[in-house]
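Numbering (my numbering), first residue to last: 6 to 453. All residues carry an ideal CB built from backbone N, CA and C; glycine is no exception. Keep in mind it's a predicted model, so treat the numbers as computed, not measured.
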Ligand SMILES: Cc1cc2nc3c(=O)[nH]c(=O)nc-3n(C[C@H](O)[C@H](O)[C@H](O)COP(=O)(O)OP(=O)(O)OC[C@H]3O[C@@H](n4cnc5c(N)ncnc54)[C@H](O)[C@@H]3O)c2cc1C
């Protein structure tokens, strides 16, 4: 394990006892640097490794569909750890209970001697971690299992744009973009066994409808294989055509950590390095995705307009006085009840499946600026819809992309126009030039 992927979170003295991997963002057994680090630490300390997952009842507006996807995935991940002799403990932080309290209690019950956590720049996760660290006295570490180049090695500040972070990431890929070793089996004292988990009882009762993808680490690997075999070659040319089905549909797996981006990148490089789609795909999967983590890590206002660059806030402020032809509230947006059929179809697509094509997500977010009284409200509604609808929502990618679409983050000023000021603009004619809008509407326009 490259030590630069790990950072100590405290200076607590060595203590005997099991190493606990508090798994949160990276919900998989294999291809997981945090699990590998915890396993290696356990070996050195001649102590067992135990995995702990604490299920929050509420998370950034996640609905039953998101919980169902996550719980199904966790069921497979728990079995994967247990197959390797690694106990898996799942505890619930019920209504009103704090995840941090439950983690601290579990560490006490397990007699933990060290803690390994996966890295997550989102505020709520940092707050959980901070509250745990305040109350424990065992050595604790954080391991970046999400990014190919660990976020803290790439940059120590908020990057301006893809063009500024790209060379930094590319310089680190020879060091970090490698294959993973398997997670070695262990034998452990049965007293640490996590016990039976009643997965059915954890599943939401509501009908969760037709999800875009089936959950779990093995489904994620299948989806990756299918993408490389069937779509990668078309990715560069066709990914912006919402009818072409050329995107990977890996985002939900990546979001819940059921798939490692490094695994996806490694397989693309190993199996189809000369595919015309390889470079474009790796740009999105590594550069754009790691730019989003950089934004959330270094910008305390990553999920509001306040985090937007100064030029953008100024121009939007000026344009706030411009007249809006249509105004909608959250419920009207949510119901896909605007006057714009492309917007409604995208919203309907997301509502039905939990996913929407990347090109249309841009249009979808930008139009909200046009139909809300001010850009701060537009930002707030876009984040709320994004988190509620998309399986991959509640993610640094979502916040950074809303900040790009509405707040000009990682972008530059464009020609000034009403309502948008100098923020890059998109319109329906642009969509019509890019793809067969009628075919998309035929499939996804709400049937009223
Ligand atoms: C307004 C808006 C909101 C978005 N919200 C989210 C979100 O909540 N969660 C999310 O994961 N992505 C979000 N994206 C980024 C992107 O649209 C989706 O990641 C992508 O469409 C998901 O489909 P895919 O996995 O088939 O992507 P592919 O095109 O196959 O790309 C592969 C992977 O690369 C990464 N990626 C692709 N595009 C971007 C991008 N622009 N920025 C960062 N990473 C990228 C994703 O992890 C994606 O899964 C948003 C984009 C916009 C414009």
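Chain-order list of residues whose beta-carbon lies under 8 Å from that of residue i (same chain, five-residue window excluded)
i	result
residue 299	156, 159, 160, 163, 164, 170
residue 115	22, 23, 25, 55, 57, 94, 197
residue 449	350, 351, 353, 354, 357
residue 347	365, 368, 433, 436, 442, 445, 446
residue 238	277, 280, 281, 282
Start-to-end residues for the beta strand (DSSP E) that takes in residue i
i	result
residue 449	Here residue 449 belongs to no beta strand (DSSP E); instead the alpha helix (DSSP H) covers 442-449.
residue 13	11-13
residue 96	93-98
residue 147	145-148
residue 124	Counting along the chain, residue 124 falls outside any beta strand (DSSP E), and DSSP gives it neither H nor E.
residue 56	54-61
Cα-Cα separation, residue i to residue j
i	j	result
residue 226	residue 263	9 Å
residue 99	residue 43	27 Å
residue 70	residue 434	34 Å
residue 129	residue 104	10 Å
residue 364	residue 180	32 Å
residue 288	residue 229	16 Å
residue 428	residue 314	11 Å
residue 153	residue 357	32 Å
residue 426	residue 380	11 Å
residue 8	residue 422	49 Å
residue 188	residue 53	14 Å
residue 15	residue 144	6 Å
residue 398	residue 294	13 Å
residue 117	residue 277	44 Å
residue 209	residue 329	40 Å
residue 132	residue 83	25 Å
residue 39	residue 148	5 Å
residue 219	residue 18	44 Å
residue 438	residue 242	15 Å
residue 48	residue 235	41 Å
residue 141	residue 326	52 Å
residue 110	residue 96	10 Å
residue 68	residue 414	28 Å
residue 224	residue 286	20 Å
residue 194	residue 221	28 Å
residue 51	residue 11	20 Å
residue 216	residue 406	22 Å
residue 87	residue 387	40 Å
residue 123	residue 371	33 Å
Member of the options whose CA lies at the smallest distance from the CA of residue i
i	options	result
residue 134	114, 28, 184, 192	28
residue 255	290, 246, 247	290
residue 339	351, 328, 331, 329	351
residue 389	335, 261, 357, 442	335
residue 412	437, 10, 316	316
residue 349	68, 453, 132	453
residue 33	85, 7, 65, 48	85
residue 166	261, 418, 432	418
residue 72	305, 396, 174, 405	396
residue 301	408, 67, 12, 140	408
residue 324	48, 420, 59, 37	420
residue 150	35, 31, 12, 333	31
residue 257	51, 109, 112, 401	401
residue 106	139, 36, 386, 201	139
residue 403	260, 424, 267	260
residue 341	319, 394, 320	394
residue 207	59, 124, 184	59
Contacts around residue i, its chain only, beta-carbon distance under 7 Å, and the 5 residues preceding and following it disregarded
i	result
residue 248	440, 441, 444, 445
residue 383	373, 374, 377, 411
residue 62	98, 99, 100
residue 269	229, 255, 290
residue 1	It is not possible to answer for residue 1, since the shown part of the chain is limited to 6 through 453.
residue 321	380, 426, 428
Start-to-end residues for the alpha helix (DSSP H) that takes in residue i
i	result
residue 128	128-138
residue 71	69-88
residue 195	Where residue 195 is concerned, there is no enclosing alpha helix (DSSP H), given that its DSSP letter is neither H nor E.
residue 310	No alpha helix (DSSP H) holds residue 310; DSSP gives it neither H nor E.
residue 27	Segment 24-27 is the beta strand (DSSP E) holding residue 27; no alpha helix (DSSP H) there.
residue 385	380-394
residue 320	315-324
residue 287	283-287
residue 269	266-276
residue 364	363-375
residue 172	167-181
Nonlocal neighbours in the same chain, by C-beta distance under 6 Å from residue i, ignoring five residues either side
i	result
residue 190	89, 90
residue 361	351, 354, 355
residue 244	251, 252
residue 204	80
Inset, instruction - Under 6 Å from any heavy atom of ligand 1, by CB: list those residues in chain order, please. - result: Checking every Cβ against the heavy atoms of ligand 1 under 6 Å gives 244, 252, 253, 254, 255, 256, 259, 260, 289, 290, 293, 294, 297, 363, 366, 367, 370, 391, 395, 397, 398, 400, 402, 403, 406, 407, 410.
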